[in-house]
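Be aware that the sequence shown starts at 1, since it is given in full-length UniProt numbering, and climbs by one per residue. For glycine and all other residues, C-beta sits at the position ideal for the given N, C-alpha and C. On a predicted model such as this, the values are computed, not experimentally measured, just so you know. Have a look at the structure below before the remarks.
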Amino acid sequence: MSTGSGNFPLHTSTIRSPAPRTPRRNGRKRAYEEAHESDYAVTPSRSAKRRQVRSTIASGNTPVIDLTGGVKSPVSQTTTPRKRRKAADASPVVEKRRRVFRKHAPQTFLTKLERARTQRMFVVDRTREGTEEVPTERVQIVGTTGNIYEVAIELEPYCTCPDSEKGNQCKHIVYVLCNVLKVPDHLQYQLAFLSSELREIFANAPVNPKDNASKENESGKRKPIEGDCPICFMEFEPAREEIVWCKAACGNNIHKTCFEKWAATQSQNGVRCVYCRSNWEVDTSFKQLLAQGKVNEEGYVNVGAQLGLSGIRDYSTYHQWGRRRRRYYSYSYDDYDYDYGYD
């Protein structure tokens, strides 16, 4: 060993330079990478992921994720026209009323109801039509001035009078519903019926004398005077009016005036009993009146002349305004105004 200046010993051995240091990795990171080395090998790049997502969306098979459970595959909602028709046929069809349901009776109905209860009309024919599901009935009725109208009780009742042709519920319809068919109160003022209501009406209506014709009582004995007349459908009042009965067979009672008016419209078939259709014995003078019905200017068959009807309307239950208008004109203006009832 040599001594240098400053009396410090000098080493003669070679000085080695330090080896370069390799970068150290965190132990945790290295262990994680080694454990998941296979995952890194199969994980696609970001661009590959984007292409995969786009193709999945384009194919329409994007899975629906249920946050409460696992992933569910989408269910196809495509339906064919045949399937749609079958589904429509299977669904129940709810019938709709053709006119608005009336919750209470309007004043116009109450006015015509009063006329129907106080003014006698005459039913000369009734015909049951329709089907079991939707039964209907047509009624030929003579008004108080002698005009013959046809009333049809169906899904939307109508009458051949001018009032009904304007879309109103005329007093002839009210007369048939209340007096002839004895319809429940809440249905009397309806402008249209459901099929179920028609079935209820005709199931509970009085039997049509023509349909119930029989000769069970062929002895000709008179039956008790009770119930309603089969022509005007008003109650018998022997103390106030004359009542006739079928002497030939069934013995049923009828208002005399009602029977005469009914018989006057049956000239083609001859005079027969309303109930049993047996020949009815009448005076020769009355038979001469059977073929005298005339068609008036309005186009209605009028039998007022041969039945002794004046042809003048009773305005006692009518509007005061209508009565004033009646004096202004020489013709029957009320035939063209719904408020006058159309007799």
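Check: Looking only at its chain, what residues have a beta carbon closer than 7 Å to the beta carbon of Lys-96, apart from the 5 residues adjacent to it on each side?; Outcome: none
Check: With DSSP as the reference, label Pro-135 as helix, strand or coil.; Outcome: strand
Check: CB Lys-171 to CB Ala-116, shorter than 8 Å?; Outcome: yes
Check: What is the residue span of the beta strand (DSSP E) that Phe-109 lies within?; Outcome: Here Phe-109 belongs to no beta strand (DSSP E); instead the alpha helix (DSSP H) covers 107–118.
Check: To which residues of the same chain is Val-176 closer than 6 Å at the C-beta, ignoring the five residues directly before and after it?; Outcome: Val-139, Val-151
Check: Sorted by chain position, which residues of the same chain lie with C-beta nearer than 6 Å to Phe-233's C-beta, five sequence neighbours on each side aside?; Outcome: Asn-179, Val-180
Check: From which residue to which residue does the beta strand (DSSP E) around Tyr-275 run?; Outcome: It is not in any beta strand (DSSP E) - Tyr-275 carries neither H nor E in the DSSP assignment.
Check: Can you tell me the Cα-Cα spacing of Asn-168 and Gln-190, whole angstroms?; Outcome: 11 Å
Check: Where Ala-203 and Asp-185 are concerned, what is the direct C-alpha to C-alpha distance, given to the nearest angstrom?; Outcome: 16 Å
Check: Going along the chain, which unbroken runs of the alpha helix (DSSP H) with 4 or more residues stay wholly within the segment 134–196?; Outcome: 162–165, 171–175, 185–188
Check: Beta carbon of Ile-141: closer than 7 Å to some heavy atom of the ligand SAM?; Outcome: The ligand SAM is not part of this structure, which contains no ligands at all.
Check: Can Glu-154 and Thr-136 be called in contact, C-beta distance under 8 Å?; Outcome: yes
Check: In the DSSP assignment, what are the bridge partners of Phe-122?; Outcome: Val-142
Check: Who are Arg-102's beta bridge partners in DSSP?; Outcome: Arg-102 is not bridged to any residue.
Check: With a threshold of 16 other CB atoms inside 10 Å of the CB of Pro-81, please say whether the residue is buried or exposed.; Outcome: exposed
Check: My output table needs one value for Thr-257: the three-state DSSP class, helix, strand or coil.; Outcome: helix
Check: Where do the N-terminal and C-terminal ends of the beta strand (DSSP E) with Val-93 fall, by residue?; Outcome: Taken as a continuous stretch (DSSP letters only), Val-93 belongs to no beta strand (DSSP E), as it is neither H nor E.
Check: Kindly indicate which residue of Ile-148, Leu-187, Phe-193 has the alpha-carbon position closest to the one of Thr-265.; Outcome: Ile-148
Check: Val-244 lies in the beta strand (DSSP E); which residues open and close that run?; Outcome: 243–245
Check: Exposed or buried, what is Thr-108 when buried is set at 16 or more other beta-carbons lying within 10 Å of its beta-carbon?; Outcome: exposed
Check: 8 Å is my cut-off, CB to CB: does Val-274 come that close to chain B?; Outcome: Within the model displayed, chain B is absent; a lone protein chain is all it includes.
Check: Express the C-alpha separation of Arg-272 and Ala-248 in angstroms, rounding to a whole number.; Outcome: 10 Å
Check: Got a sec? Which residues, its chain only, sit under 8 Å from Phe-122 by beta carbon, not counting five neighbours each side?; Outcome: Ile-141, Val-142, Ile-231, Cys-232, Cys-258, Lys-261, Trp-262
Check: Buried or exposed: Leu-110, going by 16 or more other Cβ atoms within 10 Å of its Cβ?; Outcome: exposed
Check: Under 8 Å, do Asn-236 and Asn-253 count as touching if we go by C-beta distance?; Outcome: Correcting the residue identity first, residue 236 is Phe in this sequence and not Asn. Yes, Cβ-Cβ distance for Phe-236 and Asn-253 is below 8 Å.
Check: Report yes if the CB atom of Arg-99 is closer than 8 Å to the CB atom of Ala-192, and no otherwise.; Outcome: yes
Check: Please classify Ile-173 as buried or exposed, where buried requires at least 16 neighbouring CB atoms within 10 angstroms.; Outcome: buried
Check: Leaving aside the five residues before and after Trp-280 along the sequence, list all residues of the same chain whose C-beta is less than 6 Å from its C-beta, in chain order.; Outcome: Val-271, Arg-272, Cys-273
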